Each structure stands twice: as structure tokens, then as C-alpha cells.
Amino acid sequence: MFDFFKKISSRRTPVKPILLLADVNGVPLREGDLVESLRYDLGRCRVQLADPGYAYESLATGERVGWLRMVDAATGFQKVKKIETDA
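Each residue of the sequence shown is one higher than the one before, counting from 42 in our numbering.
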């Protein structure tokens, strides 16, 4: 009887949500992009490659915050707004 329950539970594989590096509006982000931070009073930041992934470095203070700390729990997007440049 217990083998039956093991077989049922082993068929279900948990689906892991994929966290995308995208701003609050869903616009994809990449290294070097300028963003406006909506958390931690960072102001304007630049997306940089860091050891465990990406980080946001404030242009005003130089403070760095890892991208995982900026994830919005409701949407999975980052709590930043991408600043469009005409370059």
C-alpha cells in the first residue's frame, strides 16, 4: 500500500519558477544598462556582472546591491525601472 503512494508522489516533479532579469515592467535587462532603483534609496544604478550573478551599483554612492535582493515576490521581476538611452 505504501508503495502505491510513493509511485504517485514520484511522478510529480516540482516546477521551479524562472527568475528573469527584467525590470518592473518586464523589459529585459543586461549588463551595462542604466536603471532607476525602487528600493534601498540607490537612485540611478548600472547593472554589473558580479560573483553570484548580477548587481546594481549606485552611480551616486557606489553602493552595490545583488539582484536577488531586488526581486519583487509578486511578479518575479526586479524592482527597478530601465532608463532608455538613445545610444
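Just so you know, even glycine gets a beta-carbon here, dropped at the ideal spot from N, CA and C.
Quantities reported herein were computed from a predicted structural model and do not represent experimental measurements.
Here's the rule: buried if 16 or more other CB atoms are within 10 angstroms of the residue's CB, otherwise exposed. What is residue i?
i: Leu70; result: buried
i: Asp64; result: buried
i: Asp92; result: exposed
i: Asp113; result: exposed
i: Leu83; result: buried
Does the beta-carbon distance from residue i to residue j come in below 8 Å?
i: Arg85; j: Glu77; result: yes
i: Leu90; j: Glu72; result: yes
i: Ala129; j: Gly107; result: Look at the range of the chain in this structure, 42 to 128, and you will see that residue 129 is not part of it.
i: Lys122; j: Leu79; result: yes
Beta-carbon within less than 7 Å of residue i's beta-carbon, same chain only, minus the 5 sequence neighbours each way: which residues are those?
i: Pro58; result: Per-residue confidence for Pro58 stands at a pLDDT of 46, beneath the threshold of 50, marking its modelled position as unreliable; no derived number is given.
i: Glu98; result: Cys86, Arg87, Gln89, Arg105
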